[in-house]
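Chains as they are written, first to last, in this note's numbering: chain A, 1 to 118; chain B, 1 to 640.
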């Protein structure tokens, strides 16, 4: 089973996404805090990471850059989910693999996940 | 008539011994005659008055040395000529006629004449001409005696000139003797004090002093006696009608030719008007000061070189000084206390400050400045406006600057922008969960095939989309308002955007058929997503405002310099009076019946602004009841 790690500071979104993704047949781990994420990724070894950029004042691009620098994690595809319109550009610049604007259609999200998960 | 030195004198004759008495008598007579003659001759030759003798026709036969000295002519130059030679040219022929007539009749002629010297200089003489008669009584010669009164006349002229100056001067001028009795009084004094010359000459000068100033006279006279003048002394005097005057007097001692002080002369100027104006000025200045110091805006005035002439309390306070005086003492200090930045909070060159721009020759200049107090870290915003004030030669005389503290306003704007940005983000978050949950339910119920439930869930999803769009529109409006709508421009195929957008809208439009006409391949430069947003808005409106109708037509037209896209519907149409207003913010069309159309009224506003940012145009053609066609144009740029 493919593993997905989701990082978002909104519990509502985390819950909704977990149910959606599990129903679709993936293994899910959700995180509400950005702290030590790289470590957690190295331990959980997900096949794809979904994360929001604006995590309660914390800039998500910092994590993206860290993940892409670290040899253990740089090959894991990172998809940014964000309600912020300018986030797409920041996501690209930080090295993310894709971007989905919130609110999104679940189908759209799954299409993107499937695109990158191999 | 020459004398020879060999002619004996009376003394000598008397000394000759042994002379027979009759010969002695004759010799004595001759000697006496000779001496008398010699005396007369000496008198004529040595007198300081000019003497000349003419014949009966006026031809000069003799001139004395004084004449030669006075006129500059030697006797050889004038003997044989008439006195015309010294004519000044100032007299009419008639005068000379009178002279002739007088002297020919035997009467002496006396007058003051002005004549001309050989070198052209004029001179005055007290002139007397007398006829000389022979023993028979016939006139044989004329003798003219001149007293040179040039100096006296010149002095007289000078005196008269000074007297005229004094008499007609604008200042009151009068003189008094050592005891204070008024001796002279000019016209201006008459006017100023109200006393005529005849009324006041002979009276004591303290008639002019108000009761409480009578001892001023003693003080003035003491000064005079010491030989000192009193200059520009401001005091009060009293007119004839008892009205008091504020005057400025200057009094000087008058001396006679031996240097003794014999009186004093006074010049007085009525300065009541001047004092009145000064008081007015002082009061206006005070008023202005009060107004300026209470103004909230800072005002500074500088000279053309930038030196500070004036700053009100507000300006001094803004610059970090405790008072305007402190600012005056150290006008450049504030530059060290603050970091000056431009409207983007980037460091700014001081030469960009509006007042410096005026100093460099500009007419007026304005700038929004952000400045940070280095010590406290406090950040403020001000709009600084400078203008120049010109003098009569149209050169910069002053630089006037107004500083308007807009910190609160700017911060409010920023908080508003921040709020809207955060709000839209925050609103999208629960909407995201809502959407996901709705779609999860859809999937679950799809498996079970519950038609009704699926239908309701579909509606819920639609409404969530509406909500999402509304939130997006709100954010767009606020961005447009604050000038922060960013476009991501690139080359894209307009026809592709049209086709994709039509496809998307058609999916949820059951009752309408969107028809595409004349859509040709065309590359344009702009923000793909935003153009799609505009088209979406127009298509959504077309469908919304033509309920019950079946068709919406999208067409494209390409001209030389632009491409025009149109969306046509057959719905309710738009009244001519509304047609321009519909592009305004929050404008919604209301029908007479209670039918209102949903929406915040922002779609067309946003669309028109997006098109405007692309340098295009947006407009509508419509007849009420028959439908509407919306057009937007995009320029075709020649970039490859």
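Note that beta-carbon positions come from the ideal geometry of N, C-alpha and C, so glycine has one too. In this text the structure is predicted, and so the values were computed from the model without any measurement.
With its beta carbon at least 8 Å from every one in chain A, residue 496 (chain B) lies outside the interface.
Scanning its chain for C-beta atoms nearer than 7 Å, with the 5 sequence neighbours on each side dropped, one finds around residue 37 (chain A) the residues 7, 31, 63, in chain order. Around the CB of residue 473 (chain B), 16 or more other CB atoms lie within 10 Å, so the residue is classed as buried.
Under the Cβ criterion (8 Å, minimum of three pairs), the segment 77–84 of chain A counts as touching the segment 40–59 of chain A.
Residues of chain A with a Cβ closer than 7 Å to the Cβ of residue 436 (chain B) are, in chain order, 16, 17, 20, 106.
In the structure shown, residue 322 (chain B) adopts coil according to DSSP, grouped into three states. Within the segment 438–459 of chain B, the residues whose Cβ lies closer than 7 Å to any Cβ of chain A are, in chain order, 439, 440, 443.
Against chain B, a Cβ distance below 7 Å from residue 23 (chain A) picks out 440, 443. For residue 607 (chain B), no CB of chain A lies under 8 Å from its own CB, so it is not counted at the interface with that chain. Sequence-distant partners of residue 47 (chain A) (beyond 5 residues in either direction) whose C-beta falls short of 6 Å from its own C-beta, in its chain, are 2, 3, 117.
Counted as a single uninterrupted DSSP element, the stretch harbouring residue 59 (chain B) is not any alpha helix (DSSP H), since DSSP gives it neither H nor E. Along the segment 407–435 of chain B, going in chain order, the ones with a CB nearer than 9 Å to a CB of chain A are 421, 424, 425, 426, 427, 428, 429, 430, 431, 432, 433, 434, 435. If you keep only unbroken alpha helix (DSSP H) runs of at least 4 residues inside the segment 505–570 of chain B, you get 528–544.
Counted as a single uninterrupted DSSP element, the alpha helix (DSSP H) harbouring residue 154 (chain B) occupies residues 150–168.
Contacts between residue 468 (chain B) and chain A, judged by CB atoms closer than 7 Å, involve 103 in chain order. Taking a contact as a CB-CB distance under 8 Å, the pair residue 381 (chain B) and residue 410 (chain B) counts as one, their CB atoms being some 4 Å apart. Not flagged as an interface residue toward chain B: residue 95 (chain A), since no C-beta distance is shorter than 8 Å.
Note on geometry: alpha-carbon atoms of residue 492 (chain B) and residue 372 (chain B) lie some 45 Å from one another.
It is roughly 34 Å from the alpha-carbon of residue 295 (chain B) to the alpha-carbon of residue 272 (chain B). The three-state secondary structure of residue 84 (chain A), taken from DSSP, is coil. By the neighbour-count definition (other C-beta atoms within 10 Å, threshold 16), residue 458 (chain B) is an exposed residue. Straight through space, the alpha carbons of residue 310 (chain B) and residue 302 (chain B) are spaced by roughly 7 Å. In this structure, the alpha-carbon of residue 107 (chain B) lies about 37 Å from that of residue 9 (chain B).
Annotation for residue 177 (chain B): 183, 262, 263 place their beta carbon closer than 7 Å to its own, counting only its chain and skipping 5 residues before and after. The beta carbon of residue 488 (chain B) sits closer than 6 Å to those of 527, all from its chain and outside the five residues before and after it, given in chain order. Straight-line measurement puts the Cα of residue 104 (chain B) at about 27 Å from the Cα of residue 76 (chain B).
For residue 18 (chain A), the CB contacts under 8 Å within the same chain, skipping 5 residues up- and downstream, are 6, 28, 30 in chain order.
If you ignore the 5 residues before and after residue 535 (chain B), its C-beta comes within less than 6 Å of the C-beta of 501, all in its own chain and listed in chain order. Residue-level contact by beta carbon fails for residue 111 (chain A) and chain B, as no gap is shorter than 8 Å.
Under the Cβ criterion (8 Å, minimum of three pairs), the segment 103–110 of chain A counts as touching the segment 433–445 of chain B. Counting the other Cβ atoms within 10 Å of the Cβ of residue 428 (chain B) gives 16 or more, which makes it buried.
The Cβ atoms of residue 193 (chain B) and residue 163 (chain B) lie no closer than 8 Å to each other.
A Cβ-Cβ contact shorter than 8 Å links residue 485 (chain B) with residue 609 (chain B). Excluding residues up to 5 positions away in sequence, 471, 474, 475 lie with their Cβ nearer than 7 Å to the Cβ of residue 424 (chain B) in the same chain.
Residue burial is scored here from C-beta neighbours: residue 127 (chain B) has at least 16 other C-beta atoms within 10 angstroms and is therefore classed as buried. Distance between residue 317 (chain B) and residue 88 (chain A), taken at the CA atoms: about 46 Å.
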